[in-house]
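Numbering (the numbering used here), first residue to last: 56 to 181.
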């Protein structure tokens, strides 16, 4: 069972960006809005991110980096941090999943898991 001191929930909403996509060139752009909620018992700082982006052909792109959109937010107990970002894929449908590496105020590092979510051009799923 997860330690209740280190409980961070992540939710994601996505949208297709037709104005940035070029379907005839297998370029499909998506935006995603992420909300990170600290449900734990200690403030926690987001240190880094790790994403696995899988397109409809099974090609996996791995992305690692410090913070999110240039920030390493400190999220107080009960507070949340929301940001927007995006990705481009070669297929109309794909998935993303990953984790955030967090640092609690007591010095313990832990991972906040990001459950798989779908990126899809509207109308491409039946």
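C-beta atoms are modelled at their ideal positions from N, C-alpha and C, and glycine is treated no differently.
Straight-line gap, residue i to residue j (C-alpha atoms, nearest Å)
i	j	result
residue 140	residue 156	18 Å
residue 118	residue 103	11 Å
residue 120	residue 105	7 Å
residue 142	residue 88	12 Å
residue 176	residue 113	17 Å
residue 161	residue 83	42 Å
residue 70	residue 178	13 Å
Residues near residue i by beta carbon distance below 8 Å, same chain, minus five either side
i	result
residue 171	150, 151 and 152
Reference residue i, options the options, closest by Cα
i	options	result
residue 111	62, 154, 63 and 148	148
residue 72	166, 144 and 154	144
residue 137	67, 79 and 174	67
residue 64	174, 90, 77 and 173	90
Residues of its chain near residue i, where Cβ-Cβ distance is below 6 Å and the 5 sequence neighbours each way are ignored
i	result
residue 128	101 and 136
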